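Worksheet: one structure, shown below.
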Amino acid sequence: MSEAKKLDRIQELEHRNFRDDEFWKKVPGWSSVTREEFGDHKWQLKNSIRKIEQVQKVLGELCTPELMSDLEAGQHRTPMNIRITPYIFALIDWKNPWDDPLRKQFLPLGSQFLDDHPYYQADSLGEDTDSPVPMLTHRYPDKVLFLPTTICPVYCSYCTRSRIIGGSTETVEKGTYGANQKKWDDVFEYLKSTPLVEDVVISGGDSYMLTPAQLKYIGENLLKIPHIRRIRYATKGIAIFPQKVLSDYEWFNALNEVHEFARGYGKQVVVHTHFSSPNEITKWSQLAMERLFKSGIIVRNQAVLQDGVNNDVETMVKLTRQLGYLNIQPYYVYMHDMVPGCEHFRTSLREGIELEKAVRGTTAGFNTPTFVCDLPGGGGKRHVASYEYYDEENGISVWKAPYVKPGEFFTYFDPIHKLSPEAQKRWADEGTREKMIQEAIKKVSDH
Ligand code: SF4
């Protein structure tokens, strides 16, 4: 075998290497934290970073005055609070935080923000419009989205529900409700009287933040409804806080009990998680996944396509292979939603299509993620290449959702800063951009 081939082969196996070093010790404030302490979920929660002053405190000299002032500027723009587990914080390359994919996802800098797209919406997916009772979105006939909590173990800068998740920021006033158990019973009543529903996604917020009792209360009440066949607990937790699966025995046992309860009824409990970068994956992730797998709990992943985080072939292939290796099914990669404070993260639809093409064939089909665009305005998730019309020059795609919203047209827009200078000028004029959009829709409606 040639040397080049050997090197290729080594790189092909790279996804099986999980870092197991004491990486947190590079953070000056945690240099004496033991492996045992770092692996304790209580220590992780207690030492989570929730204010930029804490960034400075734990980083010491690694936090330069430039970084600090950029962080402060970020706080004037971001729609999300800061909350980062020490696990994720310590995985950031603090020698070059500006380019680090984890820093980008969880710690906003003022210098990164761009103006919001003219057609952004706080509730881009129309979840509130399709909500028959508070905390529930019912869009697809047999599936609902239940949001029992608005809190998470980390706050992601790219969150699609920045309108309700976490606390208020300088730019967004939120009516955050935490975990409001009293209102959950209304959701159960609605579901009891809606026999078409078979599938419930329990999201939020994050199921990691439900207490063991709440996790069981929700799971068992849903599973007792005869027509509910499947529930999915959505949590970013495995990606950003694997220590909880490994050391919060009460929480893990509660999840396992609901899983066993479901099996007794011939029903399914699955966990949906949210890795977006291979840098989030370590030996801790592998150990957490071994625990879940041995309990027979299926885990699927939903990543979000983000500029500078995972929008290159090498990263996406590595992420896909690593997830497969960990027994996590790489289920979806989402085009970034058109929500506030996220224009710098968004990619063009073309990038999504090309990435899917590149990833397909690199591993087994069932472990290949489907790249989807969740249509603004509530058309639901559509495969990235299933648009009806795509004006790439002006970054306008037109879509239909024949079953979910028959007869309606939906539009998704590429980020303006990625368009040609001429197209950017057209977008700058309100009348011209409206005309371009109407022309694109007409191309589809005339057919
Ligand atoms: S974990 Fe999910 S709901 Fe929570 S901030 Fe991140 S993306 Fe939003």
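Under the working numbering, think of the first position of the sequence shown as 6, with each following residue one higher.
Cβ atoms here follow ideal geometry from the backbone N, Cα and C, with glycine treated the same way.
The structure displayed is predicted, hence computed values, not measured ones.
**Prompt:** Rounded to whole angstroms, how far is the Cβ of VAL138 from the Cβ of VAL192, which I believe are closer than 8 angstroms?
**Reply:** Position 133 of the sequence shown holds residue 138. Position 187 of the sequence shown holds residue 192. Confirmed, Cβ separation roughly 6 angstroms.
**Asked** Any chance the CB of CYS161 is under 7 angstroms from a heavy atom of the ligand SF4?
**Response** If you number the sequence shown from 1, residue 161 lands on position 156. Shortest gap from the CB of CYS161 to any heavy atom of the ligand SF4: under 7 angstroms.
**Message:** Short of 7 angstroms in beta carbon distance, which residues of its chain neighbour GLU3, apart from the five on each side in sequence? Order them along the chain.
**Reply:** With the chain covering 6 to 452 only, the question about residue 3 has no answer from this structure.
**Prompt:** Can we say the stretch 77 to 90 touches the stretch 175 to 190, given the rule of at least three CB pairs closer than 8 angstroms?
**Reply:** yes
**Asked** With respect to the beta strand (DSSP E) encompassing PHE246, which residues constitute its N-terminal and C-terminal limits?
**Response** For this step, residue 246 is matched to residue 241 along the sequence shown. From DSSP, PHE246 is part of no beta strand (DSSP E); its letter is neither H nor E.
**Request:** Measuring alpha carbon to alpha carbon, tell me which of ILE245, GLY183 and LEU201 ends up nearest VAL215.
**Result:** Indexing the sequence shown from 1 puts residue 215 at position 210. Note that residue 215 corresponds to Leu in the displayed sequence, not to Val. Ranking ILE245, GLY183 and LEU201 by Cα distance to LEU215 puts GLY183 first.
**Prompt:** What's the gap between the Cα of THR240 and the Cα of GLU295?
**Reply:** Taking the first residue of the sequence shown as 1, we reach residue 240 at position 235. Taking the first residue of the sequence shown as 1, we reach residue 295 at position 290. About 17 angstroms.
**Request:** Using beta-carbon positions only, say whether GLY224 and VAL263 come within less than 8 angstroms of one another.
**Result:** Position 219 of the sequence shown, counting from 1, holds the residue named residue 224. Position 258 of the sequence shown, counting from 1, holds the residue named residue 263. Yes, they are a contact pair.
**Request:** Determine contact between the stretch 354 to 368 and the stretch 141 to 149, defined as no fewer than three beta-carbon pairs at a distance below 8 angstroms.
**Result:** Look at the beta carbons and you see the stretch 354 to 368 not touching the stretch 141 to 149: under three pairs across the two are nearer than 8 angstroms.
**Message:** Rounded to the nearest angstrom, what separates ALA127 and ASN306 at their Cα positions?
**Reply:** Here residue 127 is taken as the residue at index 122 of the sequence shown, counted from 1. Here residue 306 is taken as the residue at index 301 of the sequence shown, counted from 1. For ALA127 and ASN306, the distance between alpha carbons rounds to 24 angstroms.
**Message:** Could you check if CYS347 belongs to the surroundings of the ligand SF4, using beta carbon to heavy atom distance under 7 angstroms?
**Reply:** Translated into the one-based positions of the sequence shown, residue 347 becomes position 342. No, the ligand SF4 has no heavy atom inside 7 angstroms of this Cβ.
**Item:** Residue(s) in a DSSP beta bridge with PRO335
**Value:** Stepping through the sequence shown from its first residue, residue 335 is reached at position 330. DSSP lists ASN306 as partners of PRO335.
**Request:** Could you tell me whether any Cβ in chain B is nearer than 8 angstroms to the Cβ of GLU17?
**Result:** Among the chains of the structure shown, chain B does not appear; only one protein chain is present.
**Asked** beta strand (DSSP E) containing THR320: first to last residue?
**Response** The sequence position of residue 320 within the sequence shown is 315, counting from 1. THR320 -> not in any beta strand (DSSP E); alpha helix (DSSP H) instead, spanning 318 to 330.
**Asked** ILE170: beta carbon under 7 angstroms from a heavy atom of the ligand SF4?
**Response** Translated into positions along the sequence shown, residue 170 becomes position 165. Checking every heavy atom of the ligand SF4 against the Cβ of ILE170, one is found closer than 7 angstroms.
**Spatially closest choice to ASP135 from LYS447, ASN52 and LYS410, by CA coordinates** = Translated into the one-based positions of the sequence shown, residue 135 becomes position 130. Residue LYS410 is the option with its Cα nearest to ASP135.
**Contacts around SER353, its chain only, beta-carbon distance under 6 angstroms, and the 5 residues preceding and following it disregarded** = Position 348 of the sequence shown, counted from the first residue, corresponds to residue 353. Answer for SER353: ASP419 and LYS423, listed in chain order.
**Prompt:** Between GLN248 and GLN334, what straight-line distance do the alpha-carbon atoms span, to the nearest angstrom?
**Reply:** Along the sequence shown, read from residue 1 onward, the residue named residue 248 stands at position 243. Along the sequence shown, read from residue 1 onward, the residue named residue 334 stands at position 329. Distance between the alpha carbons of GLN248 and GLN334: 21 angstroms.
**beta strand (DSSP E) runs contained entirely in the stretch 37 to 70, provided each spans 3 or more residues** = none
**Prompt:** Quick check: the stretch 330 to 350 against the stretch 375 to 393, are there 3 or more CB pairs under 8 angstroms?
**Reply:** yes
**Request:** Leaving aside the five residues before and after ARG234 along the sequence, list all residues of the same chain whose C-beta is less than 6 angstroms from its C-beta, in chain order.
**Result:** Here residue 234 is taken as the residue at index 229 of the sequence shown, counted from 1. These residues qualify, in order along the chain: GLU203 and LYS272.
**Prompt:** When DSSP labels each residue in this structure, what does GLN273 get in the three-state scheme?
**Reply:** Mapped onto the sequence shown, residue 273 falls at position 268. GLN273: strand per DSSP, three-state reduction.
**Message:** Please return the same chain residues whose Cβ sits closer than 6 angstroms to the Cβ of LYS148, not counting the five positions on each side in sequence.
**Reply:** On the sequence shown, position 143 is the one that residue 148 refers to. Correct list, in chain order: ASP204.
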